[in-house]
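J.:
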Amino acid sequence: MTVMAVARRTLAKDLRLEWRAKDAVNSMLFFALLVVVIFSFSFDPTAEESRRIAGGLVWVAFLFAAVVALNQTWARELRNQVLDAYRVSPAPAVSLFLAKAVGNFILVSVLEALMTPLFIVFYNLRSVGPVYQLLLIAVLGTWALVVNGTFFAALSIRTRSREIMLPLILFPISIPALLAMVDGTTSVLTGETSPRFWIQLLAVYDLVFTTVCLALFDTVINAE
Amino acid sequence: MLANAEPVVSLQGIVRHFGRFAALRGVTAEFPAPTRATTSRPADPATGRLVLILGENGAGKSTLLRIMAGLLKPTRGSVSMLGATDLREVASRVGYMGHAPLLYDELTALENLRYFAGLYGINDDARCRAAIRLVGLDPELKRGVGQYSQGMRQRISLARAIVHDPELLLLDEPFSNVDVQSAREMARLLGNMRADGKTIFVVTHQPAVLGEVVDESLLLSAGVLAARERGLPEYLKFPFMQRGHYPDKDREQDQNQNSQNQSKDQDKGDDGVCPASLEGGER
Amino acid sequence: MKRFFPFFVLVMLALLSYAFYQAMFVAPTEATMGDVQRIFYYHLPHAWVAFLLFFTNFLASIWYLVRRTERADALALASAEVGVVFCTVVLVTGPLWARPVWGIWWTWDARLTSTLVLWLIYVSYLVLRRFATGAQTQVLAAALAIFGFVDVPIVYLSIRYFRTQHPQPVIAGGEGSGLDPRMWTAVLWNLAGFLSFALLLIWLRYRLALAENAVEEAHADRALGSETEMQTIKPECRGSAPERDSAPKVGE
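Protein chains in written order, with the numbering used here: chain R, 3 to 226; chain U, 148 to 430; chain P, 2 to 253.
1) May I ask which residues mark the beginning and end of the alpha helix (DSSP H) holding U/Gln159?
2) Looking at the secondary structure, which residues open and close the alpha helix (DSSP H) in which P/Pro7 lies?
3) Return the first residue and the last residue of the alpha helix (DSSP H) that U/Met299 is part of.
4) Report yes if the CB atom of R/Lys143 is closer than 8 Å to the CB atom of R/Asp16, and no otherwise.
5) Hey, R/Leu36 and R/Ala71 are a contact pair by Cβ (cut 8 Å); roughly how many whole angstroms apart?
6) If you measure between the beta carbons of U/Phe348 and U/Ile200, is that distance less than 8 Å?
7) Just to confirm the assignment: which complete alpha helix (DSSP H) runs, minimum length 4, are found wholly within the segment 95-159 of chain R?
8) Just how far apart, CA to CA, sit P/Leu192 and P/Ala199?
9) Which residues does DSSP pair with U/Val350 in a beta bridge?
10) Per DSSP, what kind of secondary structure is R/Met183 in: helix, strand or coil?
11) What are the partner residues of P/Phe163, as DSSP defines its beta bridges?
12) What residues are listed by DSSP as bridge partners for U/Met244?
13) So, at 6 Å on beta carbons, what are the nonlocal neighbours of R/Phe211 in its own chain, with the 5 sequence-adjacent residues on each side left out?
14) With distance defined between alpha-carbon atoms, name the residue in U/Leu316, U/Phe168, U/Glu376 nearest to U/Gly245.
15) Could you name the residues of the segment 154-171 of chain P whose beta carbon sits closer than 8 Å to any beta carbon of chain R, in the order they occur along the chain?
16) Assign U/Leu212 to one of three DSSP states: helix, strand, or coil.
17) In or out: U/Glu314 buried (at least 16 other Cβ within 10 Å) or exposed?
18) Would R/Lys24 count as contacting chain U if we go by Cβ distances under 8 Å?
19) I'd like to know if P/Ile122 contacts chain R, where contact means its C-beta is closer than 8 Å to some C-beta of that chain.
20) Can you give me the C-alpha to C-alpha distance between P/Glu82 and U/Ala373, rounded to a whole angstrom?
21) Is any beta-carbon of chain P found at less than 8 Å from that of R/Glu165?
22) Please work out which residues of its chain come closer than 6 Å, Cβ to Cβ, to R/Ser158, disregarding the five sequence neighbours upstream and downstream, and give them in chain order.
23) Three Cβ pairs or more, each shorter than 8 Å: is that satisfied between the segment 33-46 of chain P and the segment 93-108 of chain P?
24) Say whether chain U places a C-beta atom closer than 8 Å to the C-beta of P/Glu217.
25) What are the partner residues of U/Glu359, as DSSP defines its beta bridges?
26) Can you tell me whether R/Thr195 is helix, strand or coil according to DSSP?
27) Looking at C-beta atoms only, is the number of pairs between the segment 119-134 of chain R and the segment 78-88 of chain R that lie closer than 8 Å three or more?
28) Determine whether the Cβ of U/Glu429 lies closer than 8 Å to any Cβ atom of chain R.
29) Tell me which residues share the same chain as R/Val184 and place their Cβ nearer than 6 Å to its Cβ, disregarding the 5 neighbours each side in the sequence.
30) Run through chain R and tell me which residues come within less than 7 Å of U/Gly245, C-beta to C-beta.
31) The segment 215-236 of chain U: which residues have C-beta closer than 8 Å to a C-beta of chain R, in chain order?
32) Among R/Glu50, R/Ala67, R/Leu180, which has the Cα closest to the Cα of R/Asn28?
33) Could you tell me the boundaries of the beta strand (DSSP E) in which P/Leu53 lies?
34) Select from P/Leu189, P/Ala219, P/Glu71, P/Thr138 the residue whose C-alpha is nearest the C-alpha of P/Gln23.
35) Just to confirm, are R/Ser97 and R/Thr12 a CB contact at a threshold of 8 Å?
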């Protein structure tokens, strides 16, 4: 079977599992909602101010939700040691990574799609700049978080204190991407500057790290 | 198929450390390929081989099996399975059943099999169904596998391991916590597969279940291959796990020892089986 | 190599002493900032050395993934640890300098911020090394190290752009901001001194790591040991220790 075929199969399997074990997804959604509400309590800005800080708030909230999702997806492979069954098969490790990364991307995007309207409502947000740029930043930024997050989550399944390990090693490396997401979003919302550099940076970041992840995943998943 | 001369499995000086704990300390064994009658009657079936791997907890049985499956790399020594040192090459011809179920609890048996068969490039639904029926279960069952009884789960796990019709099977404690009916089903199936020319390695604490179909027994003790015998090991003729003592090759010595122990017991007013003390822990 | 160690130590001490003399006495006092500016002669060389050490870690990690030798991993570990120390010095000297001069402890100055991110990345590397279990520690850490270093140029780019968007006071000169040539001499001498200091530290840490590995090996080897140590399980009842049987070596 080709790499993509296996990846598609695995993704389909993951989505089906996600759907069956609905309580996991539901608790993630509820967590995301809580984060938005709590953040809203901590600031009570005017419309002008809110445009300035919303970028940071939104992305920090997305980051927390993403970490919860990322920890989840590998946990399933460890239950019943199912990962062993994949590893003894001839299926390429890269397919597993792609499937997990895309699955996480879908999951985190769903969370973001839920949280965004809430933010808009609570902060009375209206964007000065074009919305398509916000979408672009959202897509590139989410992929940046998810691609490294999936890889590092796979790394951390072989460590003690697994849940805390993931954010610990993910956040420092994601700082430039986070900077780009936050500042890019802010510049679009306020309309004061062009987010073009940040979008380019995100694209470069995505390209570079997707390559590194694909190159190193086989080594990492088979390390025992 | 292998060239006739090549062993189906070759283990040379396998050493495996986990930090300071030496789980395996130099295991060497070779297993010849299944014989095939070289006559002009191709209908003659090849006879396979069924090898038991026995030993106390922590002896390194599961570790050895995982190394053979390619899940672990030996710290030292070399493994060759089906003539290949890179085990990824022959992955499609090897089936592995782990100690844990290796199944997705939320999926049905058929969904599980479909997925894993897909990893081997098998998209044939009928084959998955056949594998489930082969282990004596109903492929139409809509329950998630997590809701099966342990015996049923083990059977599906076995089905998963054989759905791609591997030449070589590695089974880690297939009968653990399994009811008698399921155990008998699985043993019968393994016997058939052996008759079909497959090579099967079984790690188990219940060797008697397999009874007649056992070709060889390996005894691992504290990471070393302590004995290699034809058929079931001798001690099974005596009460199982007599005082935690695994006899060595010299059976006379063993029998003498048994009578000595018995007389010692009477002197001591013994209180029964003493737990064996082990170095290191079970991995 | 071991024989030359005292010699190297002396050379290093000599370099550091001379560099100190250069920094404190020879280099002219800066016009606006006064003598406080002399901390710059520590701030900048440490930043450069830290970067060099992280680059070494990157190379060693790649070498480890390709060859899987103990020495590669020991070098990776040593360079990361010493690099983090030097990084810490940069992060401490920065605010120490900023406070008397500009009245603020921290500023999102490009170099300082990048160093902070670098510090975070390599501390997370060290944390991973501490928390990973078993033989896979080295492989996982090597993978993370590669990620970390590949990130470095992106970090610098993003922070520099961020600074142009949100201008901040500049802590460090040396970015073409007209340094007196005597100041450069002081910087270079300190660079030489601290570089040799770092190399010595790495060497010591590297040998320590190899020694630790050798101890582990020895323990495991002892368990592997002679035939007479092989333990057949013959427990004695009533609480006495299990007997180590000197059984003849059986079948292999």
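For every residue, glycine included, the Cβ atom is placed at its ideal position computed from N, Cα and C.
T.: If we stick to the structure as given:
1) U/Gln159: not part of any alpha helix (DSSP H); member of the beta strand (DSSP E) spanning 154-165, first to last residue.
2) For P/Pro7, the enclosing alpha helix (DSSP H) covers residues 6-22.
3) 297-309
4) Correcting the residue identity first, residue 143 of chain R is Gly in this sequence and not Lys. No, the pair does not count as a contact, with Cβ atoms beyond the cut-off.
5) So it is not a contact: roughly 15 Å between Cβ atoms.
6) yes
7) 95-125, 133-158
8) 10 Å
9) Bridge partners of U/Val350 according to DSSP: U/Ile200, U/Asp319.
10) helix
11) Note: P/Phe163 sits in no beta bridge, so no partner.
12) In the DSSP assignment, the residues bridged to U/Met244 are U/Leu318.
13) So the list reads Val149, Asn150, once near-sequence residues are dropped.
14) U/Leu316
15) Ile155, Val156, Leu158, Ser159, Ile160, Tyr162, Phe163, Gln166
16) helix
17) buried
18) no
19) Nearest CB-CB separation between P/Ile122 and chain R: below the 8 Å threshold.
20) 45 Å
21) Cβ-Cβ to chain P under 8 Å: no for R/Glu165.
22) Arg164, Met167, Leu168
23) yes
24) yes
25) Looking at the DSSP assignment, U/Glu359 forms no beta bridge with any residue, so it has no partner.
26) coil
27) No, because fewer than three Cβ pairs between the segment 119-134 of chain R and the segment 78-88 of chain R fall closer than 8 Å, the two stretches do not touch.
28) Per-residue confidence for U/Glu429 stands at a pLDDT of 38, beneath the threshold of 50, marking its modelled position as unreliable; the derived number appears in the next sentence. Not one chain R Cβ lies under 8 Å of U/Glu429.
29) The beta carbon of R/Val184 sits closer than 6 Å to the beta carbons of Gly57, Gly58, Trp61 from its chain, once the five residues preceding and following it are set aside; these are given in chain order.
30) Neighbours of U/Gly245 in chain R, taken as residues at a C-beta separation under 7 Å, are given in chain order as Gln83, Asp86.
31) Ala216, Gly217, Leu218, Leu219, Lys220, Arg235
32) The candidate whose alpha carbon is nearest that of R/Asn28 is R/Ala67.
33) Here P/Leu53 belongs to no beta strand (DSSP E); instead the alpha helix (DSSP H) covers 41-68.
34) P/Leu189
35) yes
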